[in-house]
Each structure stands twice: as structure tokens, then as C-alpha cells.
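First comes the structure, then the notes that go with it.
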Amino acid sequence: MKFFVDTADTAEIAELNDVGLLDGVTTNPSLIAKSGRDFKEVVADICGLVEGPVSAEVTALDAEGMIKEGKELAKIATNVTVKVPLTLDGLKACKALSSEGTMVNVTLCFSANQALLAAKCGATFISPFIGRLDDINIDGMELIAEIRAIYDNYPALETEILAASIRTANHVKQAAVIGADVATIPPAVLKGLAKHPLTDKGIDAFMADWAKTGQSIL
Ligand code: E4P
1 MKFFVDTADT AEIAELNDVG LLDGVTTNPS LIAKSGRDFK EVVADICGLV EGPVSAEVTA
61 LDAEGMIKEG KELAKIATNV TVKVPLTLDG LKACKALSSE GTMVNVTLCF SANQALLAAK
121 CGATFISPFI GRLDDINIDG MELIAEIRAI YDNYPALETE ILAASIRTAN HVKQAAVIGA
181 DVATIPPAVL KGLAKHPLTD KGIDAFMADW AKTGQSIL
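The sequence shown: position 74 = 74 (UniProt numbering), numbered continuously.
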């Protein structure tokens with residue numbers, strides 16, 4: 001499973017990239033607003049930090065506008081992935097941009113049929129939003145499983161399932177068990193995946209015993 005980090009915070013991105021954990025980055029207008037920075041500048045900075053796909057979302061709502069904005073965003077760097085919402089206009093823009101060789105992430109997906117349409121329009125990634133479904137008491141993980149089953153039925157569909165709106169470590173595990181191709185994860189959740197209380201307890205015990213030997217490795 002590939003790991004993307006869901007943030008526009010370049011310090012967090014650099015830290016996780018240094019560990020070797022990052023295959024890409026996703027941003028959205030809310031994350032850009034939170035960064036307080038110029039949109040194109042921050043996208044350029046992120047693209048310079050990571051080699052993998054960096055999602056940058058259009059803000060036009062009509063296909064023509066999305067295509068124009070998408071082309072502008074794609075000029076920033078070769079790893080820019082243009083993010084469009086899952087509407088008929090978004091699908092039209094997806095088809096146009098992907099036909100020209102631009103990577104497209106179709107976002108705000110809440111049904112398996114929407115995911116099928118995105119794949120038919122050449123999406124590089126489909127982003128089903130797990131957490132926002134859970135918020136309204138619908139099992140987001142069931143959606144990931146349905147999309148996995150549908151895409152596996154039709155191997156000609158090359159779209160990757162990018163599990164989004166991830167809120168917990170359990171979301172990451174379940175998405176991996178089902179076979180999502182990618183998970184985009186908030187930095188705190190991603191760092192938290194490394195943590196286990198028994199790991200900390202084990203380290204404490206080993207260090208205490210090692211101190212008794214009076215030895216040093218170097
Ligand atoms: C994905 O690309 C989105 O940016 C993100 O996962 C949305 O997550 P949220 O529902 O926690 O805002």
C-alpha cells in the first residue's frame with residue numbers, strides 16, 4: 001500500500017519524507033487555507049520535496065474552468081495531480097485532462113457508482129472519503145470494499161483506490177486489508193502508526209538490563 005500524507009504543511013511533509021514513508025501528498029482547499037500560504041507556491045514547494053504525486057484541487061465548478069485551472073496547476077511540476085470533484089463537470093474535466101497525460105485525482109467520492117464513473121473517465125486516483133461517511137453512520141470501509149470488488153471485475157480499469165478522509169490507525173489497517181492501493185493519512189495518524197505501548201515497555205526493559213552490563217557498542 002502506498003502512503004500519501006494529507007496536509008499542506010511543508011515541515012510535516014519534509015519530516016515524514018525523511019523517514020522514507022511518503023509516496024505522495026494530497027492537499028485540498030481547506031488544507032491550503034490552514035497553511036495560510038499562496039496556493040501555487042506551496043504546491044511548488046511540496047513538489048520539490050517529494051517525488052510522488054502531489055494533489056492540487058481546482059476551485060472552478062464548471063468543466064471548462066476546471067480544465068483551465070487544471071492545466072495551470074499541471075504547469076507547476078510534473079508530479080502535480082489535478083484534483084477534481086466527483087460531479088458530471090468534474091468527470092468531463094477528468095476525461096479531458098487525463099487524455100492529455102495529466103494525472104487526475106477524482107475527489108469527494110461517496111458511492112461505488114461514482115467510483116465506476118471516475119474510472120471510466122480515466123481517473124488516476126479515486127478518493128472515497130471514509131471518515132465523512134462514518135460521520136453520518138455509514139460504513140466508509142464498506143465503500144472501499146465495493147470499489148475494490150468492482151475494479152477487480154474489470155482489469156481494464158486502471159484507476160487506483162486512494163482511501164481518503166482517514167481519521168484513525170484502524171482506518172489505515174482496514175483499508176490495507178481490503179486492498180486499497182493508497183491511503184492518504186493526516187500526519188499525526190501516520191506518525192501514530194509506529195507507536196505501540198508494548199514497544200515502549202520493551203525498550204525500557206532492554207535499556208535497563210543493558211545498563212547493568214556496563215558495556216557500550218561504539
Ligand atoms: C483527501 O484528499 C482529502 O484531502 C481528505 O482526506 C479529506 O479529509 P477530511 O474528511 O478529514 O477533511
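Note that beta-carbon positions come from the ideal geometry of N, C-alpha and C, so glycine has one too.
- Secondary structure note for Pro29: its alpha helix (DSSP H) is the uninterrupted segment 29-35.
- Leu61 places its beta carbon 8 angstroms or farther from that of Leu190.
- Taking C-beta atoms as the reference points, Ile166 and Pro186 count as a pair closer than 8 angstroms.
- The region 40-48 makes no contact with the region 98-105; the number of CB pairs closer than 8 angstroms stays below 3.
- In terms of Cβ geometry, Ala119 and Leu86 do not form a close pair [threshold 8 angstroms].
- In this structure Leu22 is buried. Its beta-carbon is surrounded by 16 or more other beta-carbon atoms within 10 angstroms.
- Nearest in C-alpha terms to Ser127, of all of Asp200, Ala183, Leu73, is Ala183.
- Not one heavy atom of the ligand E4P lies closer than 7 angstroms to the C-beta of Phe39.
- For Leu88, the enclosing alpha helix (DSSP H) covers residues 88-99.
- Contact between Val84 and Ala77 is absent: CB atoms are separated by about 18 angstroms, not below the 8 angstroms threshold.
- One thing to note: Thr102 has its Cβ within 8 angstroms of the Cβ of Ala74.
- When DSSP reads this structure, Lys2 sits in a beta bridge with Val182.
- Annotation for Phe39: the continuous alpha helix (DSSP H) segment containing it runs 39-49.
- Closest option to Ala180, judged by alpha-carbon separation, among Asn137, Ser35, Glu142: Glu142.
- Sequence-distant partners of Ala8 (beyond 5 residues in either direction) whose C-beta falls short of 6 angstroms from its own C-beta, in its chain, are Thr27, Leu31, Ile32, Ser35, Val42.
- Membership of Lys212 in the alpha helix (DSSP H) is indicated by the continuous run 197-213.
- Contact between Val80 and Cys47 holds, with the beta-carbon distance rounding to 6 angstroms and staying under 8 angstroms.
- For Glu158, the three-state secondary structure derived from DSSP is coil.
- Here Leu108 carries a strand assignment [DSSP, helix/strand/coil].
- In the structure shown, Gly24 adopts extended strand secondary structure according to DSSP, grouped into three states.
- Between the ligand E4P and Asn17, a heavy atom-to-CB distance of less than 7 angstroms is absent.
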